[in-house]
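Residue numbers (our numbering): 5 to 132. Report on the structure given below.
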């Protein structure tokens, strides 16, 4: 099991509740499925947004089957907690994302900053 990130991974779902998400296929022609982009048994960062509702969640999940995303760790959600959202009825957009809290990037002066902390920034500065 590896952590996999991939561009243009987006599916829809009508799953309700706090359980695993059943994925219903690529959201549109220009997107790919989790199975294609992430692969079964791999983990990824995901976001789920209930269309037309104030419900969303960002977390780490595992694609346990070609159409099943297990929500294992919630990083943030529409309630400002780390609990799984109890999604109501409606169509959800489910997509791969890179949470800002996990990103490492260069500031305006080219100095590495981000979630990995000062030790990483120093190591990157030396490497650059």
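For glycine and all other residues, C-beta sits at the position ideal for the given N, C-alpha and C. These figures come from a predicted structure and were not determined experimentally.
With DSSP as the reference, please indicate the residues paired to residue i in a beta bridge.
i	result
residue 108	118
residue 79	BP columns for residue 79 are empty, so no partner.
residue 61	52 and 81
residue 90	BP columns for residue 90 are empty, so no partner.
From which residue to which residue does the beta strand (DSSP E) around residue i run?
i	result
residue 39	Looking at the DSSP string, residue 39 is not in any beta strand (DSSP E); the run it does join, the alpha helix (DSSP H), is 38-41.
residue 70	Counting along the chain, residue 70 falls outside any beta strand (DSSP E), and DSSP gives it neither H nor E.
residue 46	Here residue 46 belongs to no beta strand (DSSP E), and DSSP marks it neither H nor E.
residue 99	96-100
Residues in the same chain with beta-carbon distance under 6 Å from residue i, minus the five sequence neighbours each way, listed in chain order, please.
i	result
residue 22	88 and 90
residue 80	62
residue 60	53 and 82
residue 41	10 and 13
residue 74	24, 65, 66 and 68
Using a Cβ-Cβ cutoff of less than 7 Å, which residues in the same chain neighbour residue i once the five nearest sequence positions on both sides are dropped?
i	result
residue 58	82
residue 15	27, 28, 29, 30, 31, 37, 38 and 98
residue 6	46
residue 17	25, 26, 27, 28, 96 and 98
Residues in the same chain with beta-carbon distance under 8 Å from residue i, minus the five sequence neighbours each way, listed in chain order, please.
i	result
residue 19	25, 26, 91 and 96
residue 117	108, 109, 110, 111 and 125
Nearest chain C C-beta to residue i closer than 8 Å, yes or no?
i	result
residue 89	Given the protein chain composition of this structure (a single chain), no chain C is represented.
Would you say the segment 111-118 touches the segment 24-32, given that touching needs at least three Cβ pairs under 8 Å?
-> no
Tell me, please, whether the segment 77-84 touches the segment 29-44 by the rule of three or more beta-carbon pairs shorter than 8 Å.
-> no
Go through the segment 7-33 residue by residue and report every complete run of the beta strand (DSSP E) that reaches 3 residues or more, in order.
-> 14-17
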